[in-house]
Amino acid sequence: AQTVTQSQPEMSVQEAETVTLSCTYDTSESNYYLFWYKQPPSRQMILVIRQEAYKQQNATENRFSVNFQKAAKSFSLKISDSQLGDTAMYFCAFMKHDSGNQFYFGTGTSLTVIP
Amino acid sequence: DAGVIQSPRHEVTEMGQEVTLRCKPISGHDYLFWYRQTMMRGLELLIYFNNNVPIDDSGMPEDRFSAKMPNASFSTLKIQPSEPRDSAVYFCASSLRGRPFHNEQFFGPGTRLTVL
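Protein chains in written order, with our numbering: chain A, 222 to 336; chain B, 28 to 143.
What follows is the structure, encoded as structure tokens:
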């Protein structure tokens, strides 16, 4: 079974600062996908960034970037220049490449950006 | 596309009543997922479909829960009879295998269910 661990239930960061959310996963698969989703107070789940395991280059999307360490099975999310709108729950998710598109979600990290 | 559509957005019912949640996936998507989110248990996968066929329903908590997908554009999650511990936010998500979205799941806005 695949497990995804987010060890930081809550975090806070000052506006304009940088914060890193951690995620580790356990799998015997060699090819898979990793995702970070954001859930603001509106409850809508929004994809932040994705990473394909066969790609060595870390994914980036504007202020969001990941540090993907395949050997360590680590997939952390870095948010630069934090904004008040980044306040949300962040979920890390894992998907096997040859599967039914099923995601395995972590328990989430609640991030608060402080003005 | 309007995205994944769920109805109702809020549902308040009394214990013992039947509840039906509805979902319209994004057109062309071949996977549909039902999730339940609570403070205690986080985000749980209940069941998912591929091309309208249920693939894994191991997350369905009890026989009181059932899900159907009669066609590619509609799915229901039914709880009968409902209990207070079923109170949660229920999400529907859909995805398309492969490119261009690389299996990203698109979520609906959720249905907040309260069972009194």
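The C-beta atom is built at its ideal place from N, Cα and C for all residues, glycine as well.
Check	Outcome
Who are the neighbours of residue 130 of chain B on chain A, taking C-beta pairs under 7 Å?	254, 316 and 322
At 9 Å on the CB atoms, spell out the chain A contacts of residue 69 of chain B, in chain order.	312, 326, 327, 328 and 329
Can you tell me whether residue 102 of chain B is buried or exposed? The criterion is at least 16 other CB atoms within 10 Å of its CB, across all chains shown.	buried
How far does the beta strand (DSSP E) with residue 295 of chain A in it extend, from its first residue to its last?	295 to 300
Per DSSP, what are the beta-bridge partners of residue 50 of chain B in this structure?	B:33 and B:102
Tell me, which residues are paired with residue 116 of chain B by DSSP?	B:64 and B:139
Rounded C-beta distance between residue 135 of chain B and residue 32 of chain B? I'm assuming under 8 Å.	6 Å
Need the endpoints of the beta strand (DSSP E) that residue 71 of chain B sits in, please.	69 to 77
Quick check: the segment 107 to 114 of chain B against the segment 36 to 55 of chain B, are at least 3 beta-carbon pairs closer than 8 Å?	yes
Should residue 80 of chain B go down as buried or exposed, given a rule of 16 or more other Cβ atoms within 10 Å for buried?	exposed
For the beta strand (DSSP E) containing residue 42 of chain B, name the first residue and the last one.	No beta strand (DSSP E) holds residue 42 of chain B; DSSP gives it neither H nor E.
Going straight from the alpha carbon of residue 98 of chain B to that of residue 312 of chain A, what length do you get?	30 Å
How about residue 117 of chain B: is its C-beta nearer than 8 Å to some C-beta of chain C?	The structure shown contains no chain C; the protein chains it does contain are A and B.
Identify whether residue 242 of chain A lies in helix, strand or coil by the three-state DSSP scheme.	strand
Could you tell me if residue 238 of chain A is buried or exposed, where buried requires 16 or more neighbouring beta carbons within 10 angstroms of its beta carbon?	exposed
Could you tell me whether any Cβ in chain A is nearer than 8 Å to the Cβ of residue 136 of chain B?	yes
Going along chain A, which residues have a C-beta under 8 Å from residue 74 of chain B?	None at all; the shortest Cβ gap to chain A is about 11 Å.
Just to confirm, is the Cβ distance from residue 76 of chain B to residue 132 of chain B under 8 Å?	no
Determine the extent of the beta strand (DSSP E) in which residue 271 of chain A is found, giving its start and end residues.	267 to 273
For residue 130 of chain B, does the count of other Cβ atoms within 10 angstroms reach 16, so buried, or fall short, so exposed?	buried
Going by beta-carbon coordinates alone, are residue 62 of chain B and residue 71 of chain B separated by less than 8 Å?	yes
Look at the alpha carbon of residue 280 of chain A and the alpha carbon of residue 232 of chain A, and state the distance between them as a whole number of angstroms.	22 Å
So with Cβ pairs under 8 Å, would you call residue 122 of chain B a contact of chain A?	yes
Residue 288 of chain A: which of A:247, A:243 and A:230 sits nearest, CA to CA?	A:243
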